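K.L.:
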Amino acid sequence: MKKWAGLLLICSMLFGLMPSAHADSATMTAALSVEDSELTVSGVLSTGNSSWISLRMTGPEGELAHLDQTTSDSNGSFTFVVPMAGKTAGEYEVVLGAAGLTGGFRQEVTYTPPVTLPPVVPIIPEMPESKVVQLNRLNWNSDGSLQISLGSKQGLKVPVQALQVENGKQLQIEHDSMSVNIPAAVLNELMKQVPASAIGQAELWFTVSKAEGEQSLSGEGSATTGLHVAGDRLELELFVLEANGTKHQLAAFPEPLKLSMSVDNGADKGLVGIYYIPTNGAPEYVGGIWDGSKLTAMLDHFSTYAVLEYKKTFEDVPAHHWAQRVIQELAAKHLMQGVSESKFAPDRSMTRAEFTATLVRALKLESAEPAPFADVEAGSWYADEVAAAYAAGLIAGKSSTVFAPEAQLTREEMAVILMNAARIKQGDAGKTASGSANAAFQDEDAISDWAVSAVHTAAEAGYVKGRGNGQFVPKGLLTRAEAAQVVYRMFP
């Protein structure tokens, strides 16, 4: 009680009751960051050496959440470390005070407690025989496929000599919680890791283990970001085991394989995805396409994966906004982001770089050699996306050397880029304009000649609509909300 009383007294003095000769000259800068359930406040007081600094933090309901004091060093620098474990999610206000500092320093910070997930129970090859499906030979179907059901068992064991996997074949393993399709290229690459002298007694293993108990899972650091468990958390392994215990695994698959996972009843189907769960760090979105009752994604390696629901909200996109659901689903697919952690700016115009990057993510285009645009600087946030888009024929520049990444995108420019995306997505089967009257707008004459075909095709396909009264408004600037809507229609 004495300590708190002392702190309260000091804070009251420093927050306005103590006159000072330095009142007109003292300034303070400070930065706040939250990591690993700790809030770090670092700053500098201009009047410097050995000055008392006080900190008062209030919680989401205005309650006193923390009170502390420290002294600055000879340079005026100071640091507070505030433990946040056990505190509720929400906005916290940090107020700093010091003698001679008029008005104090105030800043809000958002805290999100880590999501808890059960840990994985490690599975070793010497699991009980009752938990393993053992096959001494594989009988491939005429179409080159083979389905093996594990039921609730945790492992599959096959002698390497029995595999004899030809290109084009695919091993499909079914489990109560998931299914996985392993192409021949992956199996053959794995078998290449085994010395010829060890092949005779080597075994191919596939194991799947469910989580049990509890484990912390870091979310994406905002009260407006909701990352929740919406299915099983599974550790998957594929390896060859020699008779002497030597284990061979692939760090990356030569060809992606398909993973399908079950989703909890009650989960929001539009907001769920499959995430890679690293040993340390935040979950990484892998994908999430519905195939019947299961969620699927393509993997380039085995590890730990979970079905998570990502419910992102933005302060400037209320529930009644016409594009709210679309924006939320695109955020859950990690195709569109906000202009900040809490703002989306739905009515702000879309830049050429932003729209290009969104479509590159949706099409899963890989970065290539740098694009030949002088105004796309290496290291810029959009450099790789523009390079991938240019290589794939998704975009062209304003000229051979100018892309204008920060230029605002018109609606007719959007239609051209969008139909380039449709051709990449659908290949040669992409839609072409039929000139149907159904695609006509009352302001047809305002559409540039080079954009007429794309606007008609996009309208016929249902990707774009007018702004009302039969007007397409081709020279109008595309808003971020409109961009979200057209991307969602192409990539639902």
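If you use mature numbering (1 follows the signal peptide of the UniProt record, and there is no 0), the sequence shown corresponds to residues -23 to -1, 1 to 469, in order.
Glycine residues also receive a C-beta, built at the ideal position from the N, C-alpha and C atoms.
Remember, it's a predicted structure, so these values are computed and weren't measured experimentally.
When burial is assigned at 16 or more other CB atoms within 10 Å of the CB, is Thr6 buried or exposed?
P.N.:
As a first step, residue 6 must be located in the sequence shown, where it is residue number 29. By the neighbour-count rule (16 or more Cβ atoms within 10 Å), Thr6 is not buried but exposed.
K.L.:
Please classify Gly190 as buried or exposed, where buried requires at least 16 neighbouring CB atoms within 10 angstroms.
P.N.:
By 1-based counting over the sequence shown, the position of residue 190 is 213. Since pLDDT at Gly190 reaches only 46, below the 50 mark, its modelled position is unreliable, and the value read off the structure follows with that caveat. It is exposed - the Cβ of Gly190 has fewer than 16 other Cβ atoms within 10 Å.
K.L.:
Could you please give the first and the last residue of the uninterrupted alpha helix (DSSP H) stretch that includes Thr333?
P.N.:
The residue given as residue 333 occupies position 356 in the sequence shown. Note, Thr333: alpha helix (DSSP H), Arg329 to Leu340.
K.L.:
So for Gly196, helix, strand or coil by DSSP?
P.N.:
The residue you call residue 196 lines up with position 219 of the sequence shown. With a pLDDT of only 48 at Gly196, under 50, the local geometry of the prediction cannot be trusted, and no value is derived from it.
K.L.:
Taking C-beta to C-beta, are Lys146 and Trp182 nearer than 8 Å?
P.N.:
Walking along the sequence shown from the start, residue 146 turns up at place 169. Walking along the sequence shown from the start, residue 182 turns up at place 205. In this structure, Trp182 does not lie closer than 8 Å to Lys146 by Cβ.
K.L.:
Got a sec? Which residues, its chain only, sit under 6 Å from Ala334 by beta carbon, not counting five neighbours each side?
P.N.:
As a working mapping, residue 334 is identified with position 357 in the sequence shown. The answer, listed in chain order, is Tyr359 and Glu362.
K.L.:
Counting beta carbon pairs with one atom in the segment 17 to 27 and one in the segment 46 to 59, are three or more of them shorter than 8 Å?
P.N.:
They touch, by the three-pair rule.
K.L.:
Report the CB separation of Leu340 from Ala398 in whole angstroms; it is logged as a contact under 8 Å.
P.N.:
Residue numbering aside, residue 340 sits at position 363 when the sequence shown is read from its first letter. Residue numbering aside, residue 398 sits at position 421 when the sequence shown is read from its first letter. Rounded, the Cβ-Cβ distance is 6 Å, consistent with contact.
K.L.:
Please report how far the alpha carbon of Val206 lies from the alpha carbon of Gly250, in whole angstroms.
P.N.:
As a working mapping, residue 206 is identified with position 229 in the sequence shown. As a working mapping, residue 250 is identified with position 273 in the sequence shown. Cα-Cα distance, rounded: 10 Å.
K.L.:
Could you work out which residue in Gly74, Leu41 and Thr35 is closest to Thr47 when comparing CA atoms only?
P.N.:
Counted from its first residue, the sequence shown places residue 47 at position 70. Of the candidates Gly74, Leu41 and Thr35, the one whose C-alpha sits nearest the C-alpha of Thr47 is Gly74.
K.L.:
Looking at C-beta atoms only, is the number of pairs between the segment 230 to 242 and the segment 274 to 281 that lie closer than 8 Å three or more?
P.N.:
Yes, the segment 230 to 242 touches the segment 274 to 281.
K.L.:
Assign Tyr69 to one of three DSSP states: helix, strand, or coil.
P.N.:
As a working mapping, residue 69 is identified with position 92 in the sequence shown. In this structure, Tyr69 counts as strand in the three-state DSSP scheme.
K.L.:
Apart from the five residues on each side of it in sequence, which residues of its chain come closer than 6 Å, Cβ to Cβ, to Gly453?
P.N.:
Here the question's residue 453 lines up with position 476 in the sequence shown. The residues are Arg388.
K.L.:
What first and last residue would you give for the alpha helix (DSSP H) that runs through Trp358?
P.N.:
Here residue 358 refers to the residue found at position 381 when the sequence shown is read from its first residue. Note, Trp358: premise wrong, no alpha helix (DSSP H); not H, not E.
K.L.:
To the nearest angstrom, how far is the alpha carbon of Glu261 from that of Arg210?
P.N.:
As a working mapping, residue 261 is identified with position 284 in the sequence shown. As a working mapping, residue 210 is identified with position 233 in the sequence shown. If you take the alpha carbons of Glu261 and Arg210, they lie about 14 Å apart.
K.L.:
Note down the Cα distance separating Asp405 from Met396, rounded to an integer number of angstroms.
P.N.:
In the sequence shown, residue 405 corresponds to position 428, counting from 1. In the sequence shown, residue 396 corresponds to position 419, counting from 1. The predicted model places Asp405 with a pLDDT of 45, which falls under 50 and marks its position as unreliable; any figure quoted below should be read in that light. Going from the Cα of Asp405 to the Cα of Met396 covers about 12 Å.
K.L.:
Look up Asp45 in the DSSP assignment and say whether it is helix, strand or coil.
P.N.:
Residue mapping note: residue 45 aligns to position 68 of the sequence shown, counting from 1. Correct three-state label for Asp45: strand.
K.L.:
I'd like to check one pair, Met155 with Ser28: are the Cβ atoms closer than 8 Å?
P.N.:
What you label residue 28 is simply residue 51 of the sequence shown in a count that begins at 1. What you label residue 155 is simply residue 178 of the sequence shown in a count that begins at 1. No, these two residues do not count as a Cβ contact at 8 Å.
K.L.:
Taking the continuous alpha helix (DSSP H) assigned at Trp427, which residues delimit it?
P.N.:
The residue given as residue 427 occupies position 450 in the sequence shown. Asp426 to Glu437 is the extent of the alpha helix (DSSP H) around Trp427.
K.L.:
In its own chain, which residues sit with a C-beta less than 6 Å from the C-beta of His(-2), not counting the 5 before and 5 after it?
P.N.:
Locating residue -2 in the sequence shown gives position 22, counting from the first residue. The pLDDT assigned to His(-2) is 44, lower than 50, so where the model puts this residue is not dependable; a value taken from the coordinates is nonetheless given after this. For His(-2), where only same-chain residues beyond five positions count, the Cβ hits under 6 Å are Thr24 and Gly77.
K.L.:
Buried or exposed, going by whether 16 or more other CB atoms sit within 10 Å of the CB of Val337?
P.N.:
Position 360 of the sequence shown, counted from the start, is the residue given in the question as residue 337. Buried.
K.L.:
Between Lys288, Thr65, Asn221 and Arg83, which lies nearest to Pro90 when the distance is taken from Cα to Cα?
P.N.:
On the sequence shown, position 113 is the one that residue 90 refers to. For Pro90, the nearest C-alpha among the options comes from Thr65.
K.L.:
Within the same chain, show all residues whose beta-carbon is closer than 6 Å to that of Gly374, passing over the 5 residues directly before and after it, in chain order.
P.N.:
The residue given as residue 374 occupies position 397 in the sequence shown. Excluding positions up to five away in sequence, the list reads Phe350 and Phe380.
K.L.:
Consult DSSP for Leu112 and reduce its assignment to one of helix, strand or coil.
P.N.:
Counting from one through the sequence shown, the residue named residue 112 turns up at place 135. It is coil, neither helix nor strand.
K.L.:
What residues in its chain sit with their C-beta under 6 Å from that of Ile159, if we drop five residues either side in the sequence?
P.N.:
Numbered from 1 along the sequence shown, position 182 holds the residue referred to as residue 159. Closer than 6 Å at the Cβ level, and outside the excluded window around Ile159, lie Leu148 and Leu234.
K.L.:
Please determine if the segment 316 to 335 and the segment 292 to 300 are in contact, where contact requires at least 3 C-beta pairs separated by less than 8 Å.
P.N.:
Enough Cβ pairs lie closer than 8 Å, so yes.
K.L.:
For Ser344, does the three-state DSSP call read helix, strand or coil?
P.N.:
On the sequence shown, residue 344 is found 367 positions in, with the first residue counted as 1. Looking at Ser344 - three-state DSSP - the assignment turns out to be coil, as it is neither helix nor strand.
K.L.:
Identify, in the order they occur along the chain, each residue of the same chain with its Cβ nearer than 7 Å to the Cβ of Leu115, setting aside the five sequence neighbours on each side.
P.N.:
In the sequence shown, the residue the question calls residue 115 occupies position 138. Correct list, in chain order: Leu123, Val135, Ala139 and Leu140.
K.L.:
Tell me where the alpha helix (DSSP H) around Glu143 begins and ends.
P.N.:
Counted from its first residue, the sequence shown places residue 143 at position 166. First-last for Glu143: undefined, no H or E at that position.
K.L.:
Enumerate in chain order the residues of its own chain whose CB-to-CB distance from Glu346 is below 8 Å, with the five nearest sequence positions on each side excluded.
P.N.:
For this step, residue 346 is matched to residue 369 along the sequence shown. The answer, listed in chain order, is Ala364 and Ala368.
K.L.:
Which residue wins for smallest C-alpha separation from Ile401, given the options Asp352, Gly80 and Glu343?
P.N.:
In the sequence shown, residue 401 corresponds to position 424, counting from 1. Among Asp352, Gly80 and Glu343, the Cα nearest to that of Ile401 is on Glu343.
K.L.:
Could you please give me the residues that DSSP links to Ile394 through a beta bridge?
P.N.:
Along the sequence shown, one-based indexing puts residue 394 at 417. According to DSSP, Ile394 bridges with nothing at all.
K.L.:
Can you find the residues in the same chain that come closer than 6 Å, C-beta to C-beta, to Gly247, ignoring five residues on each side of it along the sequence?
P.N.:
Taking the sequence shown and counting its residues from 1, the one referred to as residue 247 is at position 270. So the qualifying residues of the chain are Glu306.
K.L.:
Apart from the five residues on each side of it in sequence, which residues of its chain come closer than 8 Å, Cβ to Cβ, to Gln314?
P.N.:
The sequence position of residue 314 within the sequence shown is 337, counting from 1. The residues are Ala308.
K.L.:
Compare the Cα-Cα distances from Glu437 to each of Val450, Phe418, Ala423 and Ile424 and report the closest residue.
P.N.:
As a first step, residue 437 is located in the sequence shown; it is residue number 460 there, counting from the start. With distances taken between Cα atoms, Glu437 lies closest to Phe418.
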